[in-house]
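Undergrad: So the protein lines, in turn, are chains A, B, C and D. Quick note on numbering: the numbering used here labels position 90 of the first sequence as 105, and the sequence is numbered without any gaps. Quick note on numbering: the numbering used here labels position 88 of the second sequence as 103, and the sequence is numbered without any gaps. Quick note on numbering: the numbering used here labels position 166 of the third sequence as 297, and the sequence is numbered without any gaps. Quick note on numbering: the numbering used here labels position 164 of the fourth sequence as 295, and the sequence is numbered without any gaps. Beta carbons are placed, not taken as given, at the ideal position from N, Cα and C, and that holds for glycine. These numbers were taken from a predicted model, which means no experiment stands behind them. Have a look at this one before I ask anything.
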Amino acid sequence: MINKVVKDADTAIKDIQNGQTIMLGGFGLCGIPENCIQALLRKKVIDLTCISNNAGVDDFGIGLLLQQRQVKKMISSYVGENAEFERQLLSGELEVELIPQGTLATRCMAAGYGMPVIYSPAGVGTEVAIGKETRVFKGKEYLMEYAFDADFAIVKAWKGDTAGNLIYKSTARNFNPVMAMAGKITIAEVEILVPAGELDPDQIHTPGIYVHRIFQGNNYEKRIEQKTVRTK
Amino acid sequence: MINKVVKDADTAIKDIQNGQTIMLGGFGLCGIPENCIQALLRKKVIDLTCISNNAGVDDFGIGLLLQQRQVKKMISSYVGENAEFERQLLSGELEVELIPQGTLATRCMAAGYGMPVIYSPAGVGTEVAIGKETRVFKGKEYLMEYAFDADFAIVKAWKGDTAGNLIYKSTARNFNPVMAMAGKITIAEVEILVPAGELDPDQIHTPGIYVHRIFQGNNYEKRIEQKTVRTK
Amino acid sequence: MLDKNGIAKRIAKEVKDGMYVNLGIGIPTLVANYIPDGINVVLQSENGLLGMGPFPFEGEEDADLINAGKQTITTLAGSSIFDSAMSFGMIRAQKVDLTILGAMEVSENGDIANWKIPGKMVKGMGGAMDLVASAQNIIVAMQHVNKAGESKLLPNCTLPLTGVHCVKKIVTELAVIAVLENGGFQLLERAPGVSVAEIQAATAGKLIIEGDIPEMQL
Amino acid sequence: MLDKNGIAKRIAKEVKDGMYVNLGIGIPTLVANYIPDGINVVLQSENGLLGMGPFPFEGEEDADLINAGKQTITTLAGSSIFDSAMSFGMIRAQKVDLTILGAMEVSENGDIANWKIPGKMVKGMGGAMDLVASAQNIIVAMQHVNKAGESKLLPNCTLPLTGVHCVKKIVTELAVIAVLENGGFQLLERAPGVSVAEIQAATAGKLIIEGDIPEMQL
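Take a look at the structure:
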């Protein structure tokens with residue numbers, strides 16, 4: 016089996032260059048690649064285009080990259096809860112492209128499945144449709160949307176093995192599997208890294224062929240955005 | 016949770032009508048819905064259009080439906096190993112549409128993902144391309160292929176629960192998950208049926224939303240087509 | 132006149148046994164509290180979960196288990212988890228039977244605006260455009276008029292659209308209204324103590340009133 | 132002149148450390164036997180497996196675990212299983228580095244015919260059309276001439292095509308040949324004991340011979 020293990024986050028992201036396009040897994044702050052974000056902060060790589068469903072919060076997740084002015088453009092479906100984001104957007108320092116969440120996911124999947132475009136019903140008749148080719152199939156209108164073309168995908172999984180196979184935990188799965196398929200180079204950080212052979216082949220969410228580099232992360236904070244509980 | 020359990024194979028397929036289109040999971044004889052095929056034989060429903068990667072062998076799998084002249088048309092990628100199939104095809108009793116295997120899988124997936132069409136590179140410049148719309152993206156030519164539209168999908172899984180969640184075993188997975196997503200009505204037969212709550216939500220291959228009816232099958236023969244072994 | 136919980140309670144009656152349902156943020160989330168015993172429904176959360184359970188008990192919350200509103204939640208017996216592409220795939224393939232969501236405006240031909248106010252900071256559409264473009268049955272839960280006292284049921288939406296010709300029904304603090312296939316708001320039910328005239332006054336779009344309009348049964 | 136195992140042995144030298152490889156039925160399957168120790172490759176089987184292992188020991192075969200040739204096989208430490216759509220997805224997205232397959236004819240512009248002979252019973256293309264349409268590196272393993280003694284390396288294929296302009300290299304019992312981007316069969320190596328003249332005589336398409344042609348090292 017091919018060994019995909021690298022030492023740490025800094026090694027994993029060392030060749031990400033200024034101006035490149037990177038995908039980052041996660042939904043809200045759930046399932047985000049915390050260790051690689053820290054390494055990007057240390058590397059101070061700038062002018063990044065980030066494809067990620069959200070943009071973090073002011074002091075966590077992609078919000079940290081925004082604070083250090085490392086992001087040129089965000090491609091997301093929802094960017095609330097972030098004051099610094101708002102400031103940079105209004106001042107023109109930051110570009111943003113908003114994409115319906117399902118279209119975002121499907122454009123990742125398209126890249127991973129070698130589909131050049133997909134047809135999406137989301138946004139038909141809205142400003143999202145402006146400038147896009149439309150087509151009607153069986154009486155329903157669709158927008159033609161292109162597969163993403165990202166230099167790197169950075170994902171977070173729960174368990175991984177040395178061959179790059181990944182298993183996600185609970186709803187921290189979200190965009191991670193589709194982004195893992197979509198990167199020209201895919202970097203995976205995992206909470207638990209095990210030798211090849213310890214994971215059941217039937218239970219792999221992302222086969223190792225999609226993963227170029229894997230490492231075991233540490234000090235996961237896993238911040239909760241909306242703690243909602245009930246009383247016993 | 017919604018309960019999807021039906022008594023047996025005969026109950027599960029009871030409303031399949033003459034002339035309908037059904038998908039059957041499996042690759043070769045691996046992962047085929049043996050119990051439902053037997054029930055279709057008992058029901059003697061005819062003029063079926065069957066979408067399945069293969070057509071079974073003379074005395075097993077879909078080959079049994081061919082023997083009883085229940086199939087009007089096969090849509091498959093590979094139909095070797097079947098003398099009765101050949102006889103019916105040459106005599107004009109049976110129609111066959113051959114589709115590249117990846118296109119077959121992707122047209123199922125398209126149906127399950129609400130994509131009206133997908134672009135496939137398979138068959139460009141060959142007789143498969145005849146009559147199809149083609150389009151070039153980034154210098155590569157693709158055929159526009161339509162999502163399948165099947166009345167029923169019949170799949171076989173290893174384990175399932177009463178909510179319709181499915182887990183497949185080994186390469187018996189093959190076409191089953193994509194067909195399960197693609198049927199207007201999806202019928203699943205499983206080797207082991209457990210109460211909802213016994214399967215790990217992270218390990219479900221086919222979420223129950225796609226499955227309309229589930230039952231525990233019995234007497235699985237699981238015939239091996241090419242037994243290849245080595246000596247110790 | 133209904134409060135938020137009243138609107139949720141009335142919408143809960145639209146939820147039938149065996150349905151897969153997606154609930155948006157706000158009033159729609161409250162609907163889950165009013166689904167009667169014996170009605171088995173499965174809640175879909177578009178971040179990748181079928182079978183959304185209640186909030187966890189204090190101390191049992193799991194950062195890896197949240198809903199589309201980013202709230203900590205739980206799973207149920209029979210739940211399943213999947214990725215974002217499959218989640219929207221099942222929405223697009225119309226496997227989700229009913230979508231309930233909030234709105235800022237609805238037009239009499241079923242257009243909906245609920246994601247953007249010009250001049251205000253844009254947060255993004257999230258999954259809303261996908262949901263309204265795909266769901267076969269969409270019920271909007273909202274206030275009949277906005278804070279300025281203006282009707283939110285309009286001949287045409289004035290805000291940027293989320294989707295076109297998609298809303299099937301609207302439940303407000305005043306009324307239950309069907310959006311007709313060929314346009315128009317058909318008044319179906321009045322909230323307790325609310326008159327047809329009050330509803331008419333609060334509705335800017337074409338309100339169709341046929342026969343006696345019954346009061347809601349809650 | 133090479134036998135089938137010799138062809139497989141020569142092709143095995145094209146397999147580099149770290150590659151994901153799809154092997155077709157026939158001679159390509161034999162290639163797995165000749166991959167040197169220390170070269171880590173992962174074999175993909177398009178029915179849904181990465182990390183195909185050897186045949187099982189007698190009595191340990193599992194009907195649920197087969198390869199694309201429907202043979203009973205085994206998994207390895209690090210294997211993964213997936214559905215048919217993902218399998219061809221990874222092929223189409225060019226995650227599989229090398230595809231090795233048999234052919235009935237190859238043309239000098241890289242077209243391949245390997246699925247259908249007019250007048251004979253058609254078995255179907257299986258995954259062949261997907262593989263040749265998507266793989267970035269395709270090596271054909273075949274006999275240089277057919278049973279009737281006719282060359283299988285042609286100016287144009289006469290049989291129905293499987294794919295166009297896709298074959299990069301051909302290994303036969305006589306030679307290793309590159310298919311040039313702008314057309315033409317470039318002779319790279321001779322099989323042991325085979326002369327350039329013999330190869331020329333067996334090649335109907337345009338054979339390009341530049342300089343000294345070395346004998347294969349096996």
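Looking at chain B, which residues of the stretch 187 to 216 of chain D have a Cβ within less than 9 Å of any of its Cβ atoms?
TA: Residues PRO187, PHE188, GLU189, GLY190, GLU191, GLU192, ASP193, ALA194, ASP195, LEU196, ILE197, ASN198, ALA199, GLY200, LYS201, GLN202, THR203, ILE204, THR206, ILE212, PHE213, ASP214, SER215, ALA216.
Undergrad: What does C/GLY294 pair with, by DSSP beta-bridge criteria?
TA: Locating residue 294 of chain C in the third sequence gives position 163, where the first residue counts as 1. Beta-bridge pairing links C/GLY294 to C/ILE243.
Undergrad: Name the two residues that bound the continuous alpha helix (DSSP H) containing D/ASP261.
TA: One-based indexing of the fourth sequence puts residue 261 of chain D at position 130. Counting along the chain, the alpha helix (DSSP H) containing D/ASP261 begins and ends at 259 to 265.
Undergrad: Between B/LYS29 and chain A, is there a C-beta pair that is closer than 8 Å?
TA: Walking along the second sequence from the start, residue 29 of chain B turns up at place 14. Closer than 8 Å: no.
Undergrad: Go ahead and pull the three-state DSSP assignment for B/THR118.
TA: For the purposes of this step, residue 118 of chain B is taken as residue 103 along the second sequence, with counting starting at 1. Note: B/THR118 maps to helix in three-state DSSP.
Undergrad: Any contact between the stretch 204 to 224 of chain B and the stretch 76 to 95 of chain B? By contact I mean 3 or more CB pairs, one from each, below 8 Å.
TA: Touching, no.
Undergrad: So with CB distances below 7 Å, who are the chain G contacts of A/PHE152?
TA: Protein chains A, B, C and D are contained in the structure displayed, whereas chain G is not.
Undergrad: Using a Cβ cut-off of 8 Å (strictly closer), state whether B/CYS65 contacts chain D.
TA: Position 50 of the second sequence, counting from 1, holds the residue named residue 65 of chain B. No, B/CYS65 lies away from the interface with chain D (no Cβ there is under 8 Å from its Cβ).
Undergrad: Could one say the Cβ of C/ALA78 lies closer than 8 Å to chain B's Cβ atoms, at least one of them?
TA: An answer regarding residue 78 of chain C cannot be provided, because it is not within the stretch 132 to 349 covered by chain C.
Undergrad: Report the neighbours of A/LYS184 on chain B: residues whose CB is nearer than 8 Å to its CB, in chain order.
TA: Start at 1 with the first residue of the first sequence, and residue 184 of chain A comes out as number 169. The contacting residues are ASP217.
Undergrad: Using a Cβ-Cβ cut-off of 8 Å, state whether A/TYR235 counts as contacting chain D.
TA: As a first step, residue 235 of chain A is located in the first sequence; it is residue number 220 there, counting from the start. With 8 Å as the cut-off, A/TYR235 does not count as an interface residue toward chain D.
Undergrad: What does the alpha-carbon distance come out to for the pair D/GLU236 and D/VAL302?
TA: Within the fourth sequence, numbered from 1, the residue matching residue 236 of chain D stands at position 105. Within the fourth sequence, numbered from 1, the residue matching residue 302 of chain D stands at position 171. Going from the Cα of D/GLU236 to the Cα of D/VAL302 covers about 13 Å.
Undergrad: Nearest to C/HIS242 by alpha carbon, out of C/PHE188, C/LEU284, C/ALA272?
TA: As a position in the third sequence, residue 242 of chain C is number 111, starting the count at 1. Per the sequence presented here, residue 242 of chain C reads as Asp, with His not at that position. C/ASP242 has its Cα closest to that of C/LEU284, out of C/PHE188, C/LEU284, C/ALA272.
Undergrad: In chain order, what residues of the same chain have a beta carbon less than 6 Å from the beta carbon of D/SER238, not counting five sequence neighbours either side?
TA: Along the fourth sequence, read from residue 1 onward, the residue named residue 238 of chain D stands at position 107. Result list for D/SER238: LEU285, ASN287, CYS288, in chain order.
Undergrad: Would the beta-carbon of A/LYS171 fall within 8 Å of that of A/ILE90?
TA: Counting from 1 along the first sequence, the entry for residue 171 of chain A is found at position 156. Counting from 1 along the first sequence, the entry for residue 90 of chain A is found at position 75. Not a contact, by the Cβ cut-off of 8 Å.
Undergrad: Roughly how far, in whole angstroms, is the beta-carbon of C/GLY257 from the beta-carbon of A/GLN116, given that I think they are within contact range, below 8 Å?
TA: To locate residue 257 of chain C, count along the third sequence from 1; it is residue 126. To locate residue 116 of chain A, count along the first sequence from 1; it is residue 101. C/GLY257 to A/GLN116, Cβ: 5 Å. Contact.
Undergrad: Under 8 Å between C-beta atoms, does A/TYR157 make it to chain B?
TA: Walking along the first sequence from the start, residue 157 of chain A turns up at place 142. By this cut-off, A/TYR157 is an interface position.
Undergrad: Could you please give me the residues that DSSP links to B/ILE182 through a beta bridge?
TA: Mapped onto the second sequence, residue 182 of chain B falls at position 167. DSSP, once it has assigned bridges, lists B/LYS174 as partnering B/ILE182.
Undergrad: List, in order along the chain, the chain C residues whose C-beta lies closer than 9 Å to that of A/SER106?
TA: Taking the first residue of the first sequence as position 1, residue 106 of chain A is located at position 91. Near A/SER106 there are no residues of chain C at all, since even the closest Cβ is about 13 Å away, more than 9 Å.
Undergrad: Grab the span of the beta strand (DSSP E) containing D/LEU318 for me, first residue to last.
TA: The residue you call residue 318 of chain D lines up with position 187 of the fourth sequence. Counting along the chain, the beta strand (DSSP E) containing D/LEU318 begins and ends at 316 to 321.
Undergrad: Using only alpha-carbon positions, find the residue among B/TYR93, B/ASP164, B/PRO136, B/VAL132 that is nearest to D/MET252.
TA: Along the fourth sequence, read from residue 1 onward, the residue named residue 252 of chain D stands at position 121. Residue B/TYR93 is the option with its Cα nearest to D/MET252.
Undergrad: Distance cutoff 8 Å, beta carbons only. Does B/GLY117 sit that close to anything in chain C?
TA: Counting from one through the second sequence, the residue named residue 117 of chain B turns up at place 102. False, the Cβ-Cβ gap to chain C never drops below 8 Å.
Undergrad: How many whole angstroms separate the CB atoms of D/ALA234 and D/SER282, which I take to be in contact at a CB cut-off of 8 Å?
TA: Taking the fourth sequence and counting its residues from 1, the one referred to as residue 234 of chain D is at position 103. Taking the fourth sequence and counting its residues from 1, the one referred to as residue 282 of chain D is at position 151. About 12 Å; that fails the 8 Å criterion.
Undergrad: Using the beta-carbon of each residue, which ones in chain D are nearer than 7 Å to A/ASN191?
TA: Here residue 191 of chain A refers to the residue found at position 176 of the first sequence. Under the 7 Å cutoff, chain D gives no residues; its nearest Cβ is about 15 Å from A/ASN191.
Undergrad: By how many angstroms is the C-alpha of C/ALA139 removed from the C-alpha of C/LEU154?
TA: Residue mapping note: residue 154 of chain C aligns to position 23 of the third sequence, counting from 1. Residue mapping note: residue 139 of chain C aligns to position 8 of the third sequence, counting from 1. Rounded to whole angstroms, C/LEU154 to C/ALA139 spans 11 Å at the Cα level.
Undergrad: Go ahead and label D/THR230 buried or exposed: buried means 16 or more other beta carbons lie within 10 angstroms of its beta carbon, across all protein chains shown.
TA: In the fourth sequence, the residue the question calls residue 230 of chain D occupies position 99. D/THR230 is buried by the Cβ-count criterion.
Undergrad: Reducing DSSP to helix, strand and coil, say where C/TYR165 ends up.
TA: On the third sequence, residue 165 of chain C is found 34 positions in, with the first residue counted as 1. Three-state result, C/TYR165: helix.
Undergrad: Does DSSP classify D/ILE204 as helix, strand or coil?
TA: Counting from one through the fourth sequence, the residue named residue 204 of chain D turns up at place 73. D/ILE204 falls in the coil class under three-state DSSP.
Undergrad: Would you list the one or two residues that DSSP bridges to D/PHE188?
TA: By 1-based counting over the fourth sequence, the position of residue 188 of chain D is 57. D/PHE188 pairs with B/ARG245.
Undergrad: Mind checking if A/ALA211 is an interface residue toward chain D, Cβ cutoff 8 Å exclusive?
TA: The count along the first sequence starts at 1 and reaches residue 211 of chain A at position 196. Chain D contact via Cβ: present.
Undergrad: Considering Cα atoms alone, identify which of D/ALA306, D/GLY336, D/GLU312 is closest to D/PRO345.
TA: Stepping through the fourth sequence from its first residue, residue 345 of chain D is reached at position 214. Nearest C-alpha to D/PRO345: D/ALA306.
Undergrad: Please go through the same chain and pick out, in chain order, the residues whose beta-carbon is closer than 7 Å to the beta-carbon of B/GLN103, but skip the five residues on each side of it.
TA: Residue 103 of chain B sits at position 88 when you count from the first residue of the second sequence. So the qualifying residues of the chain are LEU81, LEU109.
Undergrad: Which residues of chain A have a Cβ atom closer than 8 Å to the Cβ of D/VAL146, listed in chain order?
TA: Taking the first residue of the fourth sequence as 1, we reach residue 146 of chain D at position 15. Those do not exist, as D/VAL146 stays about 12 Å from chain A at its closest Cβ, beyond 8 Å.
Undergrad: In three-state terms, what does DSSP make of B/CYS45?
TA: Counting from one through the second sequence, the residue named residue 45 of chain B turns up at place 30. Here B/CYS45 sits in strand by DSSP.
Undergrad: With DSSP as the reference, please indicate the residues paired to A/VAL94 in a beta bridge.
TA: In the first sequence, the residue the question calls residue 94 of chain A occupies position 79. Paired residue(s): none; A/VAL94 is not in a bridge.
Undergrad: So B/LYS88 and B/VAL111 are supposed to be a Cβ contact under 8 Å. How far apart are they, rounded?
TA: On the second sequence, residue 88 of chain B is found 73 positions in, with the first residue counted as 1. On the second sequence, residue 111 of chain B is found 96 positions in, with the first residue counted as 1. The pair is a contact, with the Cβ atoms about 7 Å apart (cut-off 8 Å).
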